[in-house]
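Chemist:
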Amino acid sequence: MNSPLSSTVLFTIGPVPITQAVVTTWAIMAVLVLGAALLSRRLTLVPGKRQAALELIVATLDTQITETTSAKPAPYRGFIGTLFLFILVANWSSLIPGVEPPTAQLETDAALAILVFLSVIWFGVRSGGVIGYLKSFAAPNPVMIPLNMLESLTRVFSMFVRLFGNVMSGVFVIGIVASLAGLLVPIPLMALDLLTGLVQAYIFAVLAMVFITSAVQDGKPAPVATAPPPPKKKEK
Amino acid sequence: MDYVPIVSIFCAAFAVAFGALGPALAEGRAVAAAMDAIARQPEAANTISRTLFVGLAMIETTAIYCLVIALLLLFANPLLA
């Protein structure tokens, strides 16, 4: 049985080996980009069926971002939405026979986690400046600096190990059951895999959102508490 | 007699077996607490279940770590290289 930690090299471009996961990733990227471009080609004020479906997706993403972090969704919609949709499509691509999901490879998940790590720094610096972002490491008091730096690395590490472990174990179990029991037996497991793929994509996006907003809020100067104006007394 | 592969396989099995115990108990407690909360306050079900999912993912990570250790022992064992 193939090791889940190794990857198959299909061909090489110059010195760079191109693995199966990379080719699948390219295909998913092409599908997502072409689909988005085709679906959003003619947007009208009164949506048709196609546009209504698209707006439903965007509105759901917006609601989730707002409810998770109570921040305005506009600056984060692009990054978080793309993360969610890409991981979802990648997880569900295992339903196509012969396709192994790229998220079942360690490299893809590590790349996604590095994206999250960099975007946390980017959003943190953009909201509070470099000084404000660096100050957020000394948040409760300066003793915590090494722990906070360690935490910002380990939480990203745990994100990608979680995604890798879940997706890979699903693929692995289906492979074992199919080789032991036969062709149609792993169908219930594949149905379970659909749920796992959705939940993991959701969790990855939500955690990225939580990390980003915590960096944004830490970097900001503390809000000045303003007392609301006293309510007017009703004259009787 | 080369005992490193045998010990590795046993350790991989033990890692998954005992590594699954703690998260299983913890997830049970978390779900039970969430059920309790939803039963008391059904209008907060949305928030509770969203937080529950994120928390379950966090708890599950420990089990996944054990799985990764087991896979390392089985497929990328540094002692066998």
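As they're listed, the protein sequences go chains A and B.
Per my numbering, the first sequence runs over residues 3 to 238.
Per my numbering, the second sequence runs over residues 109 to 189.
Cβ coordinates follow ideal geometry from the N, Cα and C atoms, glycine included.
Could you run through the stretch 159–172 of chain B and flag, in chain order, every residue whose CB is less than 9 angstroms away from some CB of chain A?
Modeler: Within the stretch 159–172 of chain B, the qualifying residues are F161, V162, L164, A165, M166, E168, T169, A171, I172.
Chemist: Kindly list the residues whose CB is nearer than 8 angstroms to the CB of M1(A), restricted to its own chain and excluding five residues on each side of it in sequence; keep chain order.
Modeler: The question about residue 1(A) has no answer here: the residues shown for chain A are numbered 3 through 238.
Chemist: Determine the contact status of L209(A) and M170(A), defining contact as a CB-CB distance below 7 angstroms.
Modeler: As a working mapping, residue 209(A) is identified with position 207 in the first sequence. As a working mapping, residue 170(A) is identified with position 168 in the first sequence. Not in contact: L209(A) and M170(A) (Cβ atoms no closer than 7 angstroms).
Chemist: Counting Cβ pairs, one atom from each stretch, are 3 or more of them under 8 angstroms apart for the stretch 79–92 of chain A and the stretch 62–70 of chain A?
Modeler: A contact exists between the stretch 79–92 of chain A and the stretch 62–70 of chain A.
Chemist: From L182(B) to E69(A), what does the alpha carbon distance come to, in whole angstroms?
Modeler: Within the second sequence, the letter at position 74 stands for residue 182(B). Within the first sequence, the letter at position 67 stands for residue 69(A). For L182(B) and E69(A), the distance between alpha carbons rounds to 42 angstroms.
Chemist: So which of V173(A), D111(A), A39(A) has the shortest CA-CA distance to G100(A)?
Modeler: Within the first sequence, the letter at position 98 stands for residue 100(A). Minimum Cα distance to G100(A) is reached at V173(A).
Chemist: How is T46(A) classed by DSSP in three states: helix, strand or coil?
Modeler: Stepping through the first sequence from its first residue, residue 46(A) is reached at position 44. Correct three-state label for T46(A): coil.
Chemist: Looking only at its own chain, which residues have a Cβ that is under 7 angstroms from the Cβ of V158(A), when we skip the five neighbours before and after it?
Modeler: Here residue 158(A) refers to the residue found at position 156 when the first sequence is read from its first residue. Answer for V158(A): A115, V118, F119, listed in chain order.
Chemist: If you reduce the DSSP assignment to three classes, tell me which class I176(A) lands in.
Modeler: What you label residue 176(A) is simply residue 174 of the first sequence in a count that begins at 1. Here I176(A) sits in helix by DSSP.
Chemist: Does the Cβ of A217(A) have 16 or more other Cβ atoms within 10 Å, making it buried, or fewer, making it exposed?
Modeler: Within the first sequence, numbered from 1, the residue matching residue 217(A) stands at position 215. Its Cβ being crowded by 16 or more others within 10 Å, A217(A) is buried.
Chemist: Can you tell me where the alpha helix (DSSP H) holding P131(B) begins and where it ends?
Modeler: Looking up residue 131(B) in the second sequence gives position 23. Looking at the DSSP string, the run of the alpha helix (DSSP H) that includes P131(B) is 112–148.
Chemist: Please report the straight-line C-alpha distance between Y78(A) and N93(A), rounded to a whole angstrom.
Modeler: Against the first sequence, residue 78(A) aligns to sequence position 76. Against the first sequence, residue 93(A) aligns to sequence position 91. The straight-line gap from Cα to Cα measures roughly 22 angstroms.
Chemist: Tell me the DSSP secondary structure of L12(A) in three-state form.
Modeler: Counted from its first residue, the first sequence places residue 12(A) at position 10. The answer is strand: DSSP assigns L12(A) an E or B state.
Chemist: Is there a Cβ of chain A sitting closer than 7 angstroms to that of V176(B), yes or no?
Modeler: On the second sequence, residue 176(B) is found 68 positions in, with the first residue counted as 1. Interface residue, yes.
Chemist: Enumerate in chain order the residues of its own chain whose CB-to-CB distance from I156(B) is below 7 angstroms, with the five nearest sequence positions on each side excluded.
Modeler: Counted from its first residue, the second sequence places residue 156(B) at position 48. Closer than 7 angstroms at Cβ, skipping near neighbours: A142, A145, I146.
Chemist: Would you call the CB atoms of I9(A) and A23(A) closer than 7 angstroms?
Modeler: The residue labelled residue 9(A) in the question sits at position 7 within the first sequence. The residue labelled residue 23(A) in the question sits at position 21 within the first sequence. Looking at the sequence shown, residue 9(A) is not Ile but Ser. It is a contact, given that the beta carbons lie within the stated cut-off.
Chemist: Among L186(A), I189(A), V175(A), which residue has its Cα nearest to the Cα of S5(A)?
Modeler: If you number the first sequence from 1, residue 5(A) lands on position 3. The shortest Cα separation from S5(A) among L186(A), I189(A), V175(A) belongs to V175(A).
Chemist: In three-state terms, what does DSSP make of V187(A)?
Modeler: Here residue 187(A) is taken as the residue at index 185 of the first sequence, counted from 1. Three-state DSSP puts V187(A) in coil, outside helix and strand.
Chemist: Can you grab the Cα-Cα spacing for the pair A193(A) / A123(B), in whole Å?
Modeler: The count along the first sequence starts at 1 and reaches residue 193(A) at position 191. The count along the second sequence starts at 1 and reaches residue 123(B) at position 15. Cα to Cα, the separation comes out at about 27 angstroms.
Chemist: So, is the C-beta of A142(B) closer than 7 angstroms to a C-beta in chain A?
Modeler: The sequence position of residue 142(B) within the second sequence is 34, counting from 1. No, no contact with chain A.
Chemist: Any beta carbon of chain A sitting closer than 7 angstroms to that of F183(B)?
Modeler: Counted from its first residue, the second sequence places residue 183(B) at position 75. Interface residue, yes.
Chemist: Exposed or buried, which one is F206(A) when buried takes at least 16 other CB atoms within 10 Å?
Modeler: Reading the first sequence from its first residue, position 204 is the one you call residue 206(A). The residue in question, F206(A), is buried, as its Cβ has 16 or more Cβ neighbours within 10 Å.
Chemist: With the cut-off set at 7 angstroms, would you say A134(B) and I167(B) are in Cβ contact?
Modeler: For this step, residue 134(B) is matched to residue 26 along the second sequence. For this step, residue 167(B) is matched to residue 59 along the second sequence. For A134(B) and I167(B), yes; Cβs fall inside 7 angstroms.
Chemist: So for V18(A), helix, strand or coil by DSSP?
Modeler: Residue 18(A) sits at position 16 when you count from the first residue of the first sequence. Strand.
Chemist: Taking Cβ positions, are V127(A) and Y135(A) nearer each other than 7 angstroms?
Modeler: Counted from its first residue, the first sequence places residue 127(A) at position 125. Counted from its first residue, the first sequence places residue 135(A) at position 133. Yes.
Chemist: Is it true that the CB of F166(A) sits closer than 7 angstroms to the CB of L108(A)?
Modeler: Translated into the one-based positions of the first sequence, residue 108(A) becomes position 106. Translated into the one-based positions of the first sequence, residue 166(A) becomes position 164. In contact: L108(A) and F166(A) (Cβ atoms closer than 7 angstroms).
Chemist: Tell me the rounded alpha-carbon separation between N154(B) and L160(B).
Modeler: Counted from its first residue, the second sequence places residue 154(B) at position 46. Counted from its first residue, the second sequence places residue 160(B) at position 52. Those two C-alpha atoms are separated by around 10 angstroms.
Chemist: List, in order along the chain, the chain B residues whose C-beta lies closer than 9 angstroms to that of S5(A)?
Modeler: In the first sequence, residue 5(A) corresponds to position 3, counting from 1. Neighbours of S5(A) on chain B, chain order: L179, L182, F183, A184.
Chemist: My understanding is that P113(B) touches L188(B), with C-beta atoms under 8 angstroms, so please give their C-beta distance in whole angstroms.
Modeler: Position 5 of the second sequence, counted from the start, is the residue given in the question as residue 113(B). Position 80 of the second sequence, counted from the start, is the residue given in the question as residue 188(B). P113(B) to L188(B), Cβ: 7 angstroms. Contact.
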